[in-house]
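Working notes, beginning with the structure itself.
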Amino acid sequence: MDTDDVPHCRVPRGSVSLDGMDAIEVEGLRRRYSADSKGEGFEAVRGISFSVREGEIFALLGTNGAGKTSTVEVLEGLAPATGGSVRVLGLDPYTQRTAVRPRTGVMLQEGGFPSELTVAETARMWAGVTSDARPPAEALELVGLGARRDVRVKQLSGGERRRLDLALALIGRPEVLFLDEPTTGMDPEGRRDTASLVRRLRSEGTTVLLTTHYLEEAEQLSDRLAIMQAGRIVAAGTAEQVAASRPSRITFRLPAGVPAERLPEDWRGAADGQKVARRTHTLQEDLTGLLLWARDTGVALEGLHARSASLEEAFLEIAEEGHLRAGWGDDAGTAGFADPASAGRRAGHGNSNEKTGVRA
66 MDTDDVPHCR
76 VPRGSVSLDG
86 MDAIEVEGLR
96 RRYSADSKGE
106 GFEAVRGISF
116 SVREGEIFAL
126 LGTNGAGKTS
136 TVEVLEGLAP
146 ATGGSVRVLG
156 LDPYTQRTAV
166 RPRTGVMLQE
176 GGFPSELTVA
186 ETARMWAGVT
196 SDARPPAEAL
206 ELVGLGARRD
216 VRVKQLSGGE
226 RRRLDLALAL
236 IGRPEVLFLD
246 EPTTGMDPEG
256 RRDTASLVRR
266 LRSEGTTVLL
276 TTHYLEEAEQ
286 LSDRLAIMQA
296 GRIVAAGTAE
306 QVAASRPSRI
316 TFRLPAGVPA
326 ERLPEDWRGA
336 ADGQKVARRT
346 HTLQEDLTGL
356 LLWARDTGVA
366 LEGLHARSAS
376 LEEAFLEIAE
386 EGHLRAGWGD
396 DAGTAGFADP
406 ASAGRRAGHG
416 NSNEKTGVRA
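Residue numbers for the sequence shown, in this note's numbering: 66 to 425.
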């Protein structure tokens, strides 16, 4: 999937200039689902706010039930907000959908293609209901499916179907591209090629909002990201900023015969026998103090290891904290529940004015 060899890969801007505005603006967004048979409603999104700059890749992360799918469906114009406000390209994606839809591309978690059609027939069908459509052959080349154009959809692998999903999302030359778990089912080559294409689109001005379970993918691709838990954003910033918000870790072993009581007083609580493990937000200061103590006392610190938290560790800690809060009431949120919007997201990829295929 070499985008350098594909003509007209440039994504044109819409007729309305953003003039430096954010491409996506979310302020106090709430999404509540109607009461069930027991009379109980469910609030999947609880007053979140964030923005995505024009030409930025923004990743939305969270465990199942965190509310990210419900959030994205509001941004895509597939559902109204219960509260707060949402703007995509300066417009309300739900009430002004006919104006927003042709300027956005949507890649859902699972496409619903007629299985008997070939790849080329599917792309031509989609182009036929899409405004300002990219040539179908070009879209297929972009995602590396040019050589598979005559293969029936039912014969594609899972990863190839995801590539086809992406091709359909790109047919309308979107200004804003929504990617919901874009590389699920792809092999490493497919994930690498997709990441390369997304970067290329970003460099040409396309704004990308993606959800992904691959933290490495979010770390490598996104300019900024947000982590959702129980319907709220609990961390946001660059991957480095989010990781730095969690404590670093210092570990080592005391030599045999050196009791924990010999450690500096503020280190003794971190000892478990000869093993010492400390979490800290002041890594450099604590490590310097420890090394000075070891030098002055002549104690060798065996297996000394100091490292900052990773994005994966930050994500897992946030998820664990959310599960611990579940059942506490009030802010227990959606922990332990599936995001209602995450079930059954189906076809509805490109920029056609009304093509959604979304379930009720």
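Heads up, the beta-carbon is just placed ideally off N, CA and C, and yes, glycines get one too.
The beta strand (DSSP E) enclosing residue i, as first and last residue numbers
i: R95; result: D87 to Y98
i: K133; result: No beta strand (DSSP E) contains K133, which is instead part of the alpha helix (DSSP H) from K133 to L140.
i: A124; result: I122 to G127
i: D245; result: V241 to D245
i: S150; result: G148 to V153
i: L275; result: T272 to T276
Assigned exposure category for residue i - 16 Cβ within 10 Å defines buried
i: D429; result: In this structure the chain extends from 66 to 425, so residue 429 is not present and cannot be described.
i: G296; result: buried
i: Q294; result: buried
i: E254; result: exposed
i: K219; result: exposed
i: G368; result: exposed
i: E248; result: The question names Glu, but residue 248 is Thr in the sequence shown. Answer is buried; the Cβ neighbour count reaches 16.
i: R256; result: buried
i: P426; result: In the structure as shown, the chain begins at 66 and stops at 425. Residue 426 is therefore absent and cannot be evaluated.
i: G398; result: Any answer about G398 is weak, because its pLDDT of 37 lies below 50 and its placement is not dependable; what the coordinates show is given next. Classification for G398: buried.
i: D351; result: buried
i: T160; result: exposed
i: E181; result: exposed
i: G401; result: Model confidence at G401 stands at a pLDDT of 35, short of 50, so the residue's coordinates are unreliable; what they give is reported in the following sentence. The residue in question, G401, is exposed, as its Cβ has fewer than 16 Cβ neighbours within 10 Å.
i: E42; result: The chain is shown only over 66 to 425; residue 42 falls outside these bounds and no answer can be derived.
i: R213; result: buried
i: D361; result: exposed
i: G322; result: exposed
i: P320; result: exposed
i: E119; result: buried
i: T347; result: exposed
i: D230; result: buried
i: A188; result: buried
i: P145; result: exposed
i: L376; result: buried
i: T353; result: exposed
i: L126; result: buried
i: D331; result: exposed
i: G130; result: buried
i: T163; result: exposed
Distance between beta carbons of residue j and residue i, contact taken as under 8 Å
i: V364; j: R327; result: 7 Å
i: A291; j: A304; result: Going by Cβ atoms, the distance from A291 to A304 rounds to 11 Å, so no, they are not a contact pair.
i: A325; j: S373; result: The Cβ separation is near 25 Å, so there is no contact.
i: G93; j: G149; result: 3 Å
i: L262; j: L207; result: 6 Å
i: G468; j: G250; result: Past the boundaries of the shown model lies residue 468; the chain is included only from 66 to 425, so the question cannot be answered.
i: I89; j: V165; result: Not a contact, Cβ separation roughly 11 Å.
i: T169; j: F243; result: 7 Å
i: L266; j: F123; result: Not a contact, Cβ separation roughly 13 Å.
i: D288; j: E141; result: Actually they are not in contact, since the Cβ atoms of D288 and E141 sit about 20 Å apart, beyond 8 Å.
i: T136; j: V110; result: 5 Å
i: I298; j: I113; result: 5 Å
i: T183; j: D215; result: 5 Å
i: A185; j: P201; result: 6 Å
Range of the contiguous alpha helix (DSSP H) that encloses residue i
i: A109; result: It is not in any alpha helix (DSSP H) - A109 instead sits in the beta strand (DSSP E) that spans F107 to R118.
i: V165; result: R162 to V165
i: T259; result: P253 to S268
i: R318; result: Premise fails: R318 lies in the beta strand (DSSP E), S313 to R318, not in any alpha helix (DSSP H).
i: R248; result: Per the sequence shown, the amino acid found at residue 248 is Thr instead of Arg. T248 -> no alpha helix (DSSP H), and no H or E assigned at all.
i: G223; result: G223 to L235
i: P201; result: P201 to L207
Residue i - partner residues in DSSP beta bridges
i: Q294; result: R297
i: V323; result: V323 pairs with nothing; no bridge assigned.
i: G170; result: L242
i: R289; result: F123
i: L156; result: V153
i: R217; result: T183
i: G302; result: L290
beta-carbon residue i near the ligand ATP non-hydrogen atom, thresh 7 Å
i: T347; result: Among the components modelled here there is no ligand, and therefore nothing to report on the ligand ATP.
Contact with chain C by residue i, beta-carbon distance below 8 Å
i: T259; result: Considering every chain present, this structure includes no chain C. It has just one protein chain.
> In chain order, which continuous runs of the beta strand (DSSP E) of length 3 or greater are located wholly inside the segment 337 to 396?
Replying inline: If one requires a minimum length of 3 residues, the beta strand (DSSP E) runs lying completely within the segment 337 to 396 are 340 to 345 and 367 to 372, in chain order.
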